[in-house]
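Our numbering puts the first residue of the sequence shown at 7, with every later residue one more than the last. Worksheet for the structure shown next.
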Amino acid sequence: MIVSLTHDANPDLVRQRLVARGLWIASTLRDASGAVRQFSIAPSSAAASLAEIAAIEGVASVTTSKSEHPLMDRQGPVVTIAGVTIGEGAAVWMCGPCSVESEDQIKRAAAHLASLGVSFLRGGAFKPRTSPYAFQGHGSKALGWMRKAADAAGMRVVTEALSEADVGVVAEHADMIQIGSRNMHNYALLKAAGAAKMPVLLKRGMAATVEEWLLAGEYLLASGAASVVLCERGIRSFDDATRNMLDLGAVALLSHVHRVPVIVDPSHGTGRRDLLLPMGRAALAAGAAGLMIETHDAPGEAKSDGPQAVPLEQMGGLLRSLGGRPEGGAR
Ligand code: PEP
Ligand code: MN
Numbered sequence: 007m008i009v010s011l012t013h014d015a016n017p018d019l020v021r022q023r024l025v026a027r028g029l030w031i032a033s034t035l036r037d038a039s040g041a042v043r044q045f046s047i048a049p050s051s052a053a054a055s056l057a058e059i060a061a062i063e064g065v066a067s068v069t070t071s072k073s074e075h076p077l078m079d080r081q082g083p084v085v086t087i088a089g090v091t092i093g094e095g096a097a098v099w100m101c102g103p104c105s106v107e108s109e110d111q112i113k114r115a116a117a118h119l120a121s122l123g124v125s126f127l128r129g130g131a132f133k134p135r136t137s138p139y140a141f142q143g144h145g146s147k148a149l150g151w152m153r154k155a156a157d158a159a160g161m162r163v164v165t166e167a168l169s170e171a172d173v174g175v176v177a178e179h180a181d182m183i184q185i186g187s188r189n190m191h192n193y194a195l196l197k198a199a200g201a202a203k204m205p206v207l208l209k210r211g212m213a214a215t216v217e218e219w220l221l222a223g224e225y226l227l228a229s230g231a232a233s234v235v236l237c238e239r240g241i242r243s244f245d246d247a248t249r250n251m252l253d254l255g256a257v258a259l260l261s262h263v264h265r266v267p268v269i270v271d272p273s274h275g276t277g278r279r280d281l282l283l284p285m286g287r288a289a290l291a292a293g294a295a296g297l298m299i300e301t302h303d304a305p306g307e308a309k310s311d312g313p314q315a316v317p318l319e320q321m322g323g324l325l326r327s328l329g330g331r332p333e334g335g336a337r
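Written as structure tokens, this is what we have:
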């Protein structure tokens, strides 16, 4: 929003009046002589009508700048996916192994996680691996195992479509299509995933700005996605003390200011199972609608991301400490 000042206005007084009304000044625009002519109002400001602002003494006119992501703005902070509400009420858990390694493994995980109140079973069938020699996932076969395990346990499935070619089979088996960090900028994939008309969990690109992330969400909604939930999974920083830098400022901004549902993935965000409790708590405090957490019944033998996987038998304790209901049924 741009507020233009009258020629005789005292910019300091107008600024004070705007701030008193809860309107934050993002930037000041000056004319060639250096005089303050306009204020740009931060989108994070309190809601105020144009007429209300125009009535402030010293304000000549107010104009709105058009958002580039109107569908994301309009979606609202609460979505319901296969009967599970995200963004309102108890935190939603999305848990499971990094990779679906066998039918038995995913069956055991689903049965145990469901008993803890975990509503979404996660697990990669198509794995985006940094090395071409690393385990690439069991593909479509794993999707079948996962769907069966989730159905038996009464859970929903969220799993990644790695390429346009995977979207069809992922859509057939999942309740929610995951777009991974490495693919947030893959616009052809975003269009294909949106065209499946399903809910999408959109992970943040590891070097993506919040605006780019929202625009990727806009691609999905514009292409037909039923809903979009964002997932903060850490961004690249100069420091490799943790695997990534979990950006909880962005989580607060998105959930409290943009009013978009955000799930936080502290597993990929930190790369360390010992940091999941403090960072999970911090994420929920920042406004996360739920958490994605990787688990494995034998993390030392995991085919991917073992160091961040929580031993399956410790998941109950972790979720309880994070605020799930003690006897399960967090949702
Ligand atoms: C995952 O969640 O399975 C995954 C690969 O995460 P990311 O895309 O965030 O790296
Ligand atoms: Mn992983």
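Heads up, the beta-carbon is just placed ideally off N, CA and C, and yes, glycines get one too.
| query | Are at least three pairs of beta-carbons, each pair with one atom in the region 220-238 and one in the region 197-208, less than 8 Å apart? | reply | yes
| said: Please return the same chain residues whose Cβ sits closer than 7 Å to the Cβ of Thr136, not counting the five positions on each side in sequence. | reply: As a first step, residue 136 must be located in the sequence shown, where it is residue number 130. There are no such residues.
| request: Can you tell me which of the three DSSP states Leu29 falls into? | output: Sequence index remark: in the sequence shown, residue 29 carries index 23 (1-based). Of the three classes helix, strand and coil, the one that applies to Leu29 here is coil, per DSSP.
| query | Among residues of its own chain, excluding the 5 on either side of Ala315, which ones have a beta-carbon nearer than 6 Å to its beta-carbon? | reply | Start at 1 with the first residue of the sequence shown, and residue 315 comes out as number 309. Within the same chain, Ala315 has close Cβ partners Glu300, Thr301, His302, Pro305, Ala308.
| query | How far does the beta strand (DSSP E) with Lys113 in it reach, from first residue to last? | reply | Taking the sequence shown and counting its residues from 1, the one referred to as residue 113 is at position 107. Counting along the chain, Lys113 sits inside no beta strand (DSSP E); it lies in the alpha helix (DSSP H) bounded by residues 109-121.
| said: If you follow the alpha helix (DSSP H) that Ala199 is in, where does it begin and where does it stop? | reply: Here the question's residue 199 lines up with position 193 in the sequence shown. Per DSSP, Ala199 belongs to the alpha helix (DSSP H) from 193-201.
| task | Just jot down, in chain order, the residues whose CB lies closer than 5 Å to any heavy atom of the ligand MN. | result | The set of residues whose C-beta lies within less than 5 Å of a heavy atom of the ligand MN reads, in chain order, Cys104, Asp311.
| message | Taking its Cβ as the centre, do 16 or more other Cβ atoms sit within 10 Å of Leu328, making it buried, or is it exposed? | response | Start at 1 with the first residue of the sequence shown, and residue 328 comes out as number 322. Answer is buried; the Cβ neighbour count reaches 16.
| Ordered along the chain, which non-local residues of its own chain (more than five positions away) have a Cβ less than 6 Å from that of Met182? | Stepping through the sequence shown from its first residue, residue 182 is reached at position 176. Correct list, in chain order: Ile87, Val164, Pro205, Leu207.
| Under the three-state reduction of DSSP, which class applies to Gly235: helix, strand or coil? | Residue 235 sits at position 229 when you count from the first residue of the sequence shown. It should be pointed out that residue 235 corresponds to Val in this sequence rather than to Gly. Three-state result, Val235: strand.
| Since Val257 and Val266 are thought to touch, with beta carbons under 8 Å apart, how far apart are those beta carbons, to the nearest angstrom? | Mapped onto the sequence shown, residue 257 falls at position 251. Mapped onto the sequence shown, residue 266 falls at position 260. At roughly 10 Å, the Cβ-Cβ gap does not stay under 8 Å, so Val257 and Val266 are not in contact.
| request: Note down, in chain order, each residue of its chain lying with its Cβ closer than 7 Å to the Cβ of Gly335, except the 5 sequence neighbours on either side. | output: Within the sequence shown, residue 335 is the residue found at index 329, counting from 1. Below a pLDDT of 50, predicted positions are generally treated as unreliable, and Gly335, at 38, falls in that range; the measurement from the model is reported next regardless. Answer for Gly335: Gly123, listed in chain order.
| Alpha-carbon to alpha-carbon, Gly160 and Asp253 | Residue mapping note: residue 253 aligns to position 247 of the sequence shown, counting from 1. Residue mapping note: residue 160 aligns to position 154 of the sequence shown, counting from 1. Cα-Cα distance, rounded: 32 Å.
| Any chance the CB of Lys209 is under 7 Å from a heavy atom of the ligand PEP? | Residue mapping note: residue 209 aligns to position 203 of the sequence shown, counting from 1. Yes, Cβ of Lys209 sits closer than 7 Å to a heavy atom of the ligand PEP.
| Do Leu281 and Leu324 have their C-beta atoms closer together than 8 Å? | Within the sequence shown, residue 281 is the residue found at index 275, counting from 1. Within the sequence shown, residue 324 is the residue found at index 318, counting from 1. Cβ atoms of Leu281 and Leu324: not closer than 8 Å.
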